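S.K.: Heads up: the sequence shown begins at 111 in the numbering used here, then just goes up one per residue.
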Amino acid sequence: MQALRNFFRPAWSSAERLNDKTVVITGANTGIGKETAIDLAKRGAKVIMACRDMEKAQAALKEVIENSGNENVVCMKLDLADSKSIKEFAEAINKGESRLNILINNAGVMVCPFGKTADGFEMQIGVNHFGHFLLTYLLLDLIKKSAPARIVTVSSMAHSWGSINLEDINSEKSYDKRAAYAQSKLANILFTRSLAKKLEGTGVMTYSLHPGVVQTDLWRHLSGPQQIVMKMVSPFTKNSSQGAQTSIYCAVEPSLATESGGYYSDCAPANCSAAGKDDDVAQKLWDLSCRMLSIEWD
């Protein structure tokens, strides 16, 4: 019913300005990340595009500046599959920026063949969850100093098919690429919930969201039959600009200034799965994440 109501709601739009605000967007060289960068740059923000592939990033940077008319856009190297890269990126931001008002944890990998990050994590949980967990941790003091601030994490409705396997978080005993993806997207929602509690009273708000079924590069790992199905349903899917709207909504919508920890879809509050509201599992995942990343974050 929620989805049906959202379908008939007029498209969300806002004239909210972001002058004197600084934004970091991961995976901003393509898809909804790039569209989010263009929109927030149009609103007057300084936009830092955090990208793994610097060649693609340079081309995207040019596009963002041209389409937004904002010269205050830069791209910086960030590989979320490598904690060394994450630490170097965070150090550069902490040294070089006086504020960070909005962090958008957008980058992700989807249903890829089994692989491991530089730190030995399964690629999907490693990039989608652990990478963003560590990045947020390392930038948090600057974000708090910049309050009111927002942390937006792109999840997916695929979270509702997932469960957190605390005994085998890296899917080493058995690997199903769809299950591993769903687990990583559920982890995004649980992280957002836990983070909201820990940040109460700081002026930093957190949001997770489903962007919609979006035509993006993430489809590249789908099998032949799955690609055919996606082509058939593509008239009902979103392009990257439409897919970016809920990320932008969570980043700028004034009415969300006192909301934190929630899940959104189609620029409106949405219901996540029961597993996405399990605070016991959320805390266990938090503790496990800290142990695996060798950090202390109370």
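Don't be surprised by glycine CBs; every beta carbon is placed ideally from N, CA and C. Computed from a predicted model, the values in this text were never measured in an experiment.
(1) With DSSP collapsed to three states, give me the class of C377.
(2) Please work out which residues of its chain come closer than 6 Å, Cβ to Cβ, to W407, disregarding the five sequence neighbours upstream and downstream, and give them in chain order.
(3) Look at R260 and A191 and say whether their C-beta atoms are less than 7 Å apart.
(4) Please determine, among P364, N275, Y285, the residue with the shortest C-alpha to C-alpha distance to K226.
(5) Looking at C-alpha atoms only, which residue of I299, G313, T302 is the closest neighbour of A253?
(6) Use the C-beta contact count for I149: other C-beta atoms within 10 angstroms, 16 or more gives buried, fewer gives exposed.
(7) May I ask you to report which of helix, strand or coil DSSP gives I235?
(8) How would you label L328, buried or exposed, when you count the other beta carbons within 10 angstroms and need 16 or more for buried?
(9) What residues are listed by DSSP as bridge partners for V314?
(10) K187 bridges to which residues according to DSSP?
(11) Decide if D189 is buried, meaning its Cβ has at least 16 other Cβ atoms within 10 Å, or exposed.
(12) Nearest-angstrom Cα distance between G386 and N238?
(13) Just list the beta strand (DSSP E) runs in the segment 176 to 223, keeping only unbroken ones of 3 residues or longer that don't cross its boundaries, in chain order.
(14) With distances taken Cα to Cα, identify the nearest neighbour of M233 among T316, G206, L395, R288.
(15) Tell me, please, which residues DSSP counts as bridged to T426.
(16) Taking the continuous alpha helix (DSSP H) assigned at K413, which residues delimit it?
M.R.: Concretely, from the data shown:
(1) coil
(2) Y247, C400
(3) no
(4) Y285
(5) A quick correction: the sequence has Ile, not Ala, at residue 253. Answer by Cα proximity: G313.
(6) The sequence given here places Asp at residue 149; Ile does not occur at that position. Burial call: buried.
(7) helix
(8) Because the pLDDT of L328 is 47, which lies under 50, any placement of that residue in the model is unreliable, and the question is left without a value.
(9) A259
(10) C161
(11) buried
(12) 16 Å
(13) 183 to 187, 212 to 215
(14) For M233, the closest C-alpha among the options T316, G206, L395, R288 is that of R288.
(15) This structure gives no information on residue 426, because the portion of the chain shown stretches from 111 to 408.
(16) The first residue shown for the chain is 111 and the last is 408, placing residue 413 beyond what the model contains.
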